[in-house]
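Residue numbers (my numbering): 110 to 248.
Here a beta-carbon is modelled for each residue, glycine too, at the ideal position from N, C-alpha and C.
Presented below is the structure to which this report refers.
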Ligand SMILES: [Zn+2]
Ligand SMILES: [Zn+2]
């Protein structure tokens, strides 16, 4: 495949991810850097992808596609079909703030599209209100 076709596909996948995100909540990818924790999560994910240490589902192809990743499954990147496998496995996991580690039954879900990657996270009330970046990201 030539570079132009690949770039077109990458842009289409990124657009698709943003559209999906828009259907579940807000999207302010430009604000990623306003919370070092979020920037760190995305950085670690990109590093895992770049160094081939990310755990991909078997459907992930080299061609651009919408991918799913979560804060509670670091290094895992899966296709749309496998996304339900990323749901928190235990009650403990489901009630833990991904950012500060606090256990609470009031976890707020957030998501952002980074390129064609939909990144989901769950934060406690303290963390969700700590930065304006999270308010529009609430699902
Ligand atoms: Zn898959
Ligand atoms: Zn927290």
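Residue 222 is bridged by DSSP to 227. A Cβ closer than 6 angstroms to some heavy atom of ligand 2 marks a residue here, and those residues are 206, 208, 209, 211, 232, 233, 235 and 236.
For secondary structure counted as the beta strand (DSSP E) over 3 or more consecutive residues, the stretch 158-221 holds these complete runs in sequence order: 176-179.
Relative to residue 209, the option among 119, 121 and 144 whose CA is nearest is 144. Per the C-alpha coordinates, the member of 198, 181, 220 and 119 positioned closest to residue 170 is 119. Relative to ligand 1, the beta carbon of residue 190 is positioned inside 7 angstroms of a heavy atom.
Under a 10 Å Cβ-count criterion, residue 225 is classified as buried, with 16 or more other Cβ atoms of the shown protein chains found around its own Cβ. The Cβ atoms of residue 191 and residue 236 do not sit closer than 8 angstroms to each other. Where residue 236 is concerned, the enclosing alpha helix (DSSP H) starts and stops at 234-237.
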